[in-house]
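The structure under discussion appears below in the form of structure tokens.
In our numbering, the protein residues as written are -6 to 370.
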């Protein structure tokens, strides 16, 4: 076993940190206040290969693996988790679904522009009244000749307003039937496809969230991904990778909060010395740093299983569960270390605190993940 980064991974990490410092950090606070989704930043991310990390070079991507993917999402999230979230959602959900289940012609059609950042991707399975009960979804796709008629609404969709390409899971059979759902690609501009207004959120405010709305939306059969009835099975496989993504996002959020706390604790003096020298502070930071190390190892183990085509469901769920709960704990403790200053917008830890909570919800709540893990034991 080799726990060291390769030279290529070191360069990738440095590039991601430099990108975040130059193109994200100066605007982080303003984007958060105004809930601005900075599309131009994602175009720049595409130029660096961050929008098609797992996509082979044949289809315009970077041709990298999950270890490098974790490294990039982690590094960007240390500066701004909301940008890390959008890069993760684009790569692991929309792009990865097409990469994994599309035929070669479909891959050539959609992946190059998604990988370059010219197009933004979204992925729709969640609905208002179904949540984790995807089998009970109301959105339907009815076949008429060579076309499908799509009707329904998807909720809490990242990039629902700005996405050019959306992968949608719709019911093509009976409710509750795992083989009664099918995946389709819907392109922006398709008649009957629109979006709701942007949702105002507690955190992750620079990552756009809204509804996808389909009203007699006509989709050609050539936009269907895989076989009819495979949509739910596909989605569950995509979510394994998605949980690694949110784990990486959580890891970066935890690191960002702890790094900010360490910096403050070295600068803040009480009784003539920096507060990091007090055991009450030093022990908190020691414990958090140890847990961050454990979370990182868990994520890279999941990445190894994913890359070597081994079963990853349990490990991905464990890594995401541990990392997401850790990032909430880390951001909470970071505010505590800052004291009253941590509760103000003058320091970044209040934003890490608001952003962190979503990590315990997206791609499966902690309760859902525990259910997944227990069923695999």
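Beta carbons: idealized from backbone N, C-alpha and C, even for Gly.
In the displayed model, residue 304 falls within coil according to three-state DSSP, outside both helix and strand. Taking the C-beta atoms as reference points, residue 68 is found nearer than 8 Å to residue 10. Non-local beta-carbon contacts of residue 54 in its own chain, meaning distances under 6 Å to residues more than five positions away in sequence, involve 45, 48 and 108 in chain order. Take residue 330, set aside five residues on each side of it, and the residues of its chain with a beta-carbon closer than 7 Å to its own are 254, 257, 258, 274 and 277, in chain order. Within the same chain, 100, 101, 104, 105 and 108 come within 7 Å of residue 52 by CB-CB distance, once the 5 residues on both sides are set aside. Following the DSSP letters along the chain, one finds residue 208 inside the beta strand (DSSP E) bounded by residues 202 to 213. Straight across, the Cα-Cα distance linking residue 295 with residue 263 is about 43 Å.
Residue burial annotation: residue 4 is exposed, with fewer than 16 other C-beta atoms found within 10 angstroms of its C-beta. According to the DSSP assignment, residue 252 belongs to the alpha helix (DSSP H) that extends over 224 to 260. With fewer than three CB-CB distances shorter than 8 Å, the stretch 305 to 325 does not count as touching the stretch 217 to 225. Non-local C-beta neighbours of residue 209 in its own chain, meaning closer than 7 Å and more than five positions away in sequence, comprise 142, 144 and 185, ordered along the chain. The C-beta distance from residue 160 to residue 87 rounds to 5 Å, short enough to meet the 8 Å contact threshold. As the crow flies, the alpha-carbon of residue 97 is around 35 Å from that of residue 122. It is roughly 45 Å from the alpha-carbon of residue 16 to the alpha-carbon of residue 169. In this model, residue 334 and residue 328 are separated by some 8 Å (Cα to Cα). Residue state for residue -4 is assigned as coil, using DSSP reduced to three classes. Bridge partners of residue 128 according to DSSP: none are assigned.
Here DSSP, grouped into helix, strand and coil, assigns residue 119 to coil. Excluding its 5 nearest sequence neighbours in each direction, residue 293 has C-beta neighbours in its own chain below 7 Å: 60 and 63, listed in chain order. When the Cα atoms are used, residue 66 and residue 303 turn out to be separated by approximately 23 Å.
In the three-state scheme derived from DSSP, where H, G and I count as helix and E and B as strand, residue 74 is classed as helix. The secondary-structure analysis by DSSP pairs residue 144 across a beta bridge with 133.
By the neighbour-count definition (other C-beta atoms within 10 Å, threshold 16), residue 236 is a buried residue.
Excluding residues up to 5 positions away in sequence, 243, 352 and 353 lie with their Cβ nearer than 6 Å to the Cβ of residue 317 in the same chain. Going by DSSP, residue 187 is part of the beta strand (DSSP E) stretching over 186 to 188.
Comparing C-alpha distances from residue 34 to each of 79, 1, -5 and 310 shows the shortest one belongs to 79. In the structure shown, the three-state DSSP call for residue 19 is helix. Judged by their CB atoms, residue 153 and residue 199 are not nearer to each other than the 8 Å cut-off.
Collapsing the DSSP output to three states places residue 217 in a strand. Counting along the chain, no beta strand (DSSP E) covers residue 93; the unbroken alpha helix (DSSP H) around it starts and ends at 89 to 94.
8 Å or more divides the Cβ of residue 183 from the Cβ of residue 134. Between residue 175 and residue 163, the C-beta spacing is below 8 Å. Judged by their CB atoms, residue 189 and residue 212 are not nearer to each other than the 8 Å cut-off.
Residue pairing by DSSP puts residue 151 in a beta bridge opposite 202. DSSP places residue 28 in the coil class of the three-state scheme, outside both helix and strand.
Beta bridge pairing from DSSP links residue 266 with 263.
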